[in-house]
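Asker: Numbering (the working numbering), first residue to last: 77 to 502.
One structure coming up, written as structure tokens, with questions to follow.
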Amino acid sequence: MVSLHHPSPLGTGPRPGARETIALLAALMALNAVAIDSMIPALEDIASHLGVTDENRRQLVLIVYTLGFGVGQLFWGPLADRFGRKPMLTIGISIYVVFAFLCSAAPTFEILILARVFQGAAAAATRVIVLAMVRDLFEGEAMARVMSLVAMVFMVIPVMAPSIGQLILTVGPWQAIFWALGLFGIVVGLWAFLRIPETLKDEHRRTLGLGDLLEGARAVVTDRQSLGYTLAQTALFSGLIAYIASIQQIVFDVFRRPELIGLVFGAVAAPMALASFTNSKLVGRYGLRRVAHTGTVAFALFALGHAAVATFGGEDLIGFVIGQALVLASFSFCAANMNTLAMERMAPQAGMASSIQGVVSTVLAALAGFAIGQAFNGTQIPYLWGLAICGVTGITLVLLTDPRRLFERLQPARDPAERGPAHQAG
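Next comes the structure, spelled out in structure tokens:
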């Protein structure tokens with residue numbers, strides 16, 4: 077377990093314990109996940125109530141939120157590097173809550189879509205600042221372990237969120253899901269405000285001057301490791317976005333089992349959570365690269381195999397769930413580790429790096445995932461081959477980024493001081 081009992085760099089007293097810290101960071105990131113996943117059962121009701129007749133068009137409720145989330149990250153990082161993590165996090169969550177309630181009051185589909193863009197842009201503060209905070213405190217394998225533990229708790233949300241959305245729909249209208257999002261945001265925001273310390277070190281505080289911003293951005297986009305692993309993660313993340321955009325139609329229209337949407341989503345998400353927990357153990361033993369590269373290969377092979385089986389042999393819903401669980405569990409061995417590898421050299425501009433990497437990975441993944449989702453033709457085949465292309469692209473980018481360190485095993489430091497200022501994880 078990661079030890080977090082030490083004084084705050086700004087003298088604000090001891091930080092919360094490891095379990096609370098991980099739970100809090102996971103809850104912050106879950107604000108984004110629940111805003112997407114709880115919507116899935118409500119898409120049909122939203123479309124019907126707001127007069128949307130094109131089935132593929134209702135995917136926009138999910139996609140535009142993701143786009144807003146991606147673009148919004150560009151702004152939160154520099155602000156967090158200048159004014160600190162905590163105040164920017166508080167502002168971002170407050171805006172998220174406001175737009176959650178505005179979404180519930182949207183009279184037209186177009187206004188709902190606009191409000192979702194701003195809700196996603198506000199939620200971007202959580203992703204940028206949580207990642208920057210972890211980078212403030214940890215390095216290397218310790219950082220990957222913390223991110224994996226955060227991801228494990230965070231991935232419980234996708235297991236539950238569609239079922240929670242369905243439950244809300246049994247007692248209220250689709251607008252009630254947005255009321256629940258607003259209340260969840262208030263609870264998590266208060267928890268963070270009362271318990272989270274400032275983690276930005278004074279020597280890493282940056283100005284908002286154009287020269288300083290450009291210098292930080294240049295460091296991020298010209299670093300081979302930063303850019304390469306960001307793009308590799310983007311390719312794999314595109315597959316996850318495509319899954320989120322397509323799963324409702326696949327379960328409803330292909331397999332005709334709408335009552336099972338929550339169970340299906342949970343059956344795929346649960347192995348992802350287990351894989352994240354396993355990843356937190358493996359990176360300390362085998363190293364970031366060996367685990368991330370193996371996970372990328374597994375993602376591509378499972379995706380290609382699933383697409384081939386479904387295309388040439390056919391499958392039922394159980395086969396689909398098993399295939400997707402294998403592919404997306406593999407993603408869990410890549411996501412936190414590629415995040416860590418992309419951020420590894422970015423300590424002096426962690427906020428800026430988190431912003432730029434987040435914008436690239438989220439926006440490009442949203443566009444690619446939307447394109448795959450829009451190819452839906454009444455079967456799961458276009459989605460499955462799109463997923464396979466994402467996997468192959470991910471492998472290609474890893475090969476181009478780190479050809480001399482493929483599957484590199486962890487090399488323990490000869491002296492504890494060589495591990496840098498990262499706090500030890502045990």
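Note that beta-carbon positions come from the ideal geometry of N, C-alpha and C, so glycine has one too.
Decide if residue 95 is buried, meaning its Cβ has at least 16 other Cβ atoms within 10 Å, or exposed.
Answerer: On the sequence shown, position 19 is the one that residue 95 refers to. It counts as exposed.
Asker: Go through its chain and collect everything with a Cβ distance to residue 393's Cβ below 8 Å, but skip five positions before and after it.
Answerer: Mapped onto the sequence shown, residue 393 falls at position 317. Excluding sequence neighbours, residue 393 sits near 327, 331, 333, 336 and 340.
Asker: Considering only C-alpha positions, which residue in the set 372, 410, 291 and 321 is nearest to residue 352?
Answerer: As a first step, residue 352 must be located in the sequence shown, where it is residue number 276. Minimum Cα distance to residue 352 is reached at 410.
Asker: Using three-state DSSP, classify residue 118 as helix, strand or coil.
Answerer: Numbered from 1 along the sequence shown, position 42 holds the residue referred to as residue 118. Residue state, collapsed to three classes: helix.
Asker: Can you give me the start and stop residues for the alpha helix (DSSP H) that residue 154 sits inside?
Answerer: For this step, residue 154 is matched to residue 78 along the sequence shown. That run of the alpha helix (DSSP H) goes 136–159.
Asker: Where does residue 248 fall in DSSP's three states?
Answerer: Locating residue 248 in the sequence shown gives position 172, counting from the first residue. Coil.
Asker: Do you know offhand how far residue 171's Cα is from residue 197's?
Answerer: For the purposes of this step, residue 171 is taken as the residue at position 95 of the sequence shown. For the purposes of this step, residue 197 is taken as the residue at position 121 of the sequence shown. Each residue's Cα considered, the two are about 9 Å apart.
Asker: Quick check on residue 162: buried or exposed, where buried means 16 or more other Cβ atoms within 10 Å of its Cβ?
Answerer: For the purposes of this step, residue 162 is identified with residue 86 of the sequence shown, where counting begins at 1. Residue 162 should be labelled buried.
Asker: Any chance you could list the alpha helix (DSSP H) runs of at least 4 consecutive residues sitting entirely within the region 386–468, in chain order?
Answerer: Here the runs fully enclosed are 393–408, 411–419 and 426–450.
Asker: Nearest by alpha-carbon distance to residue 508: which of 164, 467, 429 and 433 is it?
Answerer: Beyond the ends of the chain as shown, which are 77 and 502, falls residue 508; an answer cannot be given.
Asker: So is residue 157 buried or exposed if we call it buried at 16+ other beta carbons inside 10 Å?
Answerer: Position 81 of the sequence shown, counting from 1, holds the residue named residue 157. With 16 or more Cβ atoms within 10 Å of its Cβ, residue 157 is classed as buried.
Asker: Could you tell me the alpha carbon to alpha carbon distance between residue 382 and residue 399, rounded to whole angstroms?
Answerer: Here residue 382 refers to the residue found at position 306 of the sequence shown. Here residue 399 refers to the residue found at position 323 of the sequence shown. The straight-line gap from Cα to Cα measures roughly 6 Å.
Asker: Out of 214, 449 and 302, which one is the CA nearest neighbour of residue 473?
Answerer: By one-based count along the sequence shown, residue 473 stands at place 397. When each option's Cα is compared against that of residue 473, the closest is 302.
Asker: Would you kindly work out how many angstroms separate the C-alpha atoms of residue 485 and residue 137, rounded to a whole number?
Answerer: Numbered from 1 along the sequence shown, position 409 holds the residue referred to as residue 485. Numbered from 1 along the sequence shown, position 61 holds the residue referred to as residue 137. Approximately 42 Å, taken between the alpha carbons.
Asker: Give the straight-line distance between the Cα atoms of residue 376 and residue 248, rounded to the nearest whole angstrom.
Answerer: In the sequence shown, the residue the question calls residue 376 occupies position 300. In the sequence shown, the residue the question calls residue 248 occupies position 172. Whole-angstrom Cα-Cα distance: 41 Å.
Asker: My understanding is that residue 204 touches residue 105, with C-beta atoms under 8 Å, so please give their C-beta distance in whole angstroms.
Answerer: One-based indexing of the sequence shown puts residue 204 at position 128. One-based indexing of the sequence shown puts residue 105 at position 29. Wrong, their Cβ atoms sit about 11 Å apart, outside the cutoff.
Asker: Buried or exposed: which applies to residue 417, given that a residue is buried once 16 or more other Cβ atoms fall within 10 Å of its Cβ?
Answerer: Sequence index remark: in the sequence shown, residue 417 carries index 341 (1-based). Buried, by the Cβ-count rule.
Asker: Give a yes or no on whether the C-beta atoms belonging to residue 414 and residue 305 are separated by under 9 Å.
Answerer: Sequence index remark: in the sequence shown, residue 414 carries index 338 (1-based). Sequence index remark: in the sequence shown, residue 305 carries index 229 (1-based). Contact: yes.
Asker: DSSP state of residue 323, grouped into three classes?
Answerer: Here residue 323 corresponds to residue number 247 of the sequence shown, with the count starting at 1. If DSSP states are grouped into helix, strand and coil, residue 323 belongs with the helices.
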